[in-house]
Every structure is written in structure tokens, then in C-alpha cells.
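Just so we're aligned: 80 in the numbering used here is position 73 of the sequence shown, and the numbers increase by one with no gaps anywhere.
We treat Cβ as the ideally placed atom computed from N, Cα and C, and that holds for glycine.
Owing to the predicted nature of the structure, the values given are computational and were not obtained by experimental measurement.
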Amino acid sequence: KGNRAMKKIATEDLIQLFGMVGIIGSLIFVGLEMQQSQRIAVASQQQERAAITVDMINAFYEVDVDFQSTYFDKEFNYQLSTEEIAYRNMVHKGWLLYENDFYQYKQGLMDELTWEAKLRGISVIYNSCDVRNIYDSRAPIFSEDFRLVVEALPNQCERKS
Numbered sequence: 008k009g010n011r012a013m014k015k016i017a018t019e020d021l022i023q024l025f026g027m028v029g030i031i032g033s034l035i036f037v038g039l040e041m042q043q044s045q046r047i048a049v050a051s052q053q054q055e056r057a058a059i060t061v062d063m064i065n066a067f068y069e070v071d072v073d074f075q076s077t078y079f080d081k082e083f084n085y086q087l088s089t090e091e092i093a094y095r096n097m098v099h100k101g102w103l104l105y106e107n108d109f110y111q112y113k114q115g116l117m118d119e120l121t122w123e124a125k126l127r128g129i130s131v132i133y134n135s136c137d138v139r140n141i142y143d144s145r146a147p148i149f150s151e152d153f154r155l156v157v158e159a160l161p162n163q164c165e166r167k168s
């Protein structure tokens, strides 16, 4: 009889242990879900900020004004064609897109193959030497991590110091 009582106690202890493990597992799962929701929310905020800036650049484009010249360089007497203005404004939008893509990738919201394709695009825009000044203007407002990625790419443009 004594042995049977010990087995009953051991079984009850085992059931309690499984119950606690289940509760702990559930709490870990909820914590991971909350962490992922937080990452998605922060990434969404980053994307919204980029969209607002794109809207601002579009406003410049719609009135045939060069964003780089007026916003960054404070130069209002520039001589650029409509096509040159469009190109330069698109380069600004490209940098916003790639900065946002980098953030999405760092948050685990973009797969490796897609990121590798984005890196090729970043390399193309970074090595468009005729608009390197746009990168140079934007670099101080990029995250340090993003700047390190960009500036680790092969540099095909001569820097004028």
C-alpha cells in the first residue's frame, strides 16, 4: 500500500510539472509574439516616415523643382532640365526606399535573397557618380549601420576632397 501511495504522489507531481511547463511555454510563446508585433509596428513606423518624405519629394517634382538643390544645397538659381530634376528627385526616393529596405531586413522582415537583390540596387545607385552628392547629403541622416553597409560596397566614383 505504501508503494502505491508513493506512485500516486509521483504521478500528481508529474502532472503538476507538465502543467507548469505548459504555462511557461505559453508565456514564452506570448512573449515572442509580442516581440514580433513590436518589431512589425516599429518597421511600419519607419515605412510611414519614408512615405511622408517621398510625398514631400513628389511635391517638389510636381512643380519641377529639384529637391537636392533647394532642400539640401539651398541653391535656388540652378540650371537643370525637367528630366534632370526628375532623375535627381528619383535618386532621393531610391535612397529612402533602400534605407527602409535595410531596416526591414535588420528586423528580420526580409529574406536574404531579397536583401541581396536590394544590395545590388544600392550598389548601382551608390555608383551613379553624377548623383553621388545626393548620397553625401543624405548620409548624415542615415543610420550608422546603413552607412556602413553602403560604404563597404565597391566605390567606383572618385571622391573630391
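query	result
Given L104 as reference, the closest of F83, L120 and L126 once Cα atoms are compared	L126
L155, DSSP secondary structure in three states	helix
Pairwise C-alpha distance: T77 and F83	6 Å
Of the listed residues M27, Q42 and D80, nearest to L116 (C-alpha basis)	Q42
Alpha helix (DSSP H) runs wholly inside the region 77-147, at least 4 long, in chain order	89-113, 119-133 and 139-145
Exposure label - I141; buried when at least 16 CB within 10 Å	buried
Own chain partners of W122 with C-beta closer than 6 Å, once the 5 adjacent residues on each side are dropped	Y112
Simplified DSSP state of Q163, which is helix, strand or coil	coil
Beta-carbon separation (whole angstroms), E106 vs A66, contact threshold 8 Å	That belief does not hold up - the Cβ atoms of E106 and A66 are roughly 20 Å apart, past 8 Å.
Neighbourhood of L87 by C-beta distance below 8 Å, restricted to the same chain and skipping five residues each side	D73, S76 and R95
Environment of I22 [buried if 16+ CB atoms lie within 10 Å]	exposed
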